[in-house]
Amino acid sequence: MEGERWWSPERAVIAGILGALINSLAIWLTKQAGIAAGTGGFAKWLFAHLNLLLGTSLPEKMGPIGQEVFHTSVGVVSALIFAGVFYRIMPGPGWLRGLIYCQGMWAVQALFVLPWLGNGYFGTGISASAPFWSWSLNALFGVLIGWLYRPRRKRP
-11 MEGERWWSPE
-1 RAVIAGILGA
9 LINSLAIWLT
19 KQAGIAAGTG
29 GFAKWLFAHL
39 NLLLGTSLPE
49 KMGPIGQEVF
59 HTSVGVVSAL
69 IFAGVFYRIM
79 PGPGWLRGLI
89 YCQGMWAVQA
99 LFVLPWLGNG
109 YFGTGISASA
119 PFWSWSLNAL
129 FGVLIGWLYR
139 PRRKRP
């Protein structure tokens, strides 16, 4: 039908919320197992840059509720970008599209954000296993949003 949206932002938001919450559970489980997989690097990077650009003093460290709200918000925004931009141009089933998309984001974090924070490339300054675990946790989120998101109709 002419003018009909081929994508569904509402469904992307749901996929982002569910994906982020399940991913948060996985992150919590890694921490309970004593695995150092990450440090909330994106929040630290973002707030430091916002403080610099806006002359504000946003906290770079948040409590558990603030961390979860931030993490879920980033998950929703990531799912919206995936659904609105990348879903229709990527090959394969949804879960594979989500995996590829999120591993692209992981590469940016591993090559730019983590070294900027002093954690080394791929997070090797966090722990020897951090690259594996951060890749795996990003992969989980990607597979989840790719599997959960369903557009309104087939991609053009």
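Each residue of the sequence shown is one higher than the one before, counting from -11 in the working numbering.
Ideal Cβ positions, reconstructed from N, Cα and C, are used throughout, including at glycine.
Item: If we ignore side chains and look at the alpha-carbon of each, how far apart do Pro81 and Trp(-5) end up?; Value: 16 angstroms
Item: Alpha carbon to alpha carbon, how far is Ser12 from Leu38?; Value: 24 angstroms
Item: List, from N- to C-terminal side, the alpha helix (DSSP H) runs of 4 residues or more that fit wholly inside the region 20 to 45.; Value: 29 to 42
Item: Nearest-angstrom Cα distance between Val101 and Arg138?; Value: 31 angstroms
Item: For Met(-11), which residues in the same chain have their Cβ closer than 6 angstroms to its Cβ, ignoring the five residues on either side in sequence?; Value: Reliability fails at Met(-11), whose pLDDT of 41 lies under 50, so the model's placement of it is uncertain and the value that follows must be treated cautiously. Taken in chain order, the list of residues that qualify is empty.
Item: Does DSSP put Ser117 in a helix, in a strand, or in coil?; Value: coil
Item: Cα-Cα, which of Phe70, Met50, Glu(-2) is closest to Val131?; Value: Phe70
Item: Please name the residue in Thr60, Trp123, Ile10 whose C-alpha comes closest to that of Tyr89.; Value: Trp123
Item: Do we get a CB-CB distance below 8 angstroms when we pair Ile5 with the residues of chain B?; Value: The chain inventory of the structure shown lacks chain B, comprising one protein chain alone.
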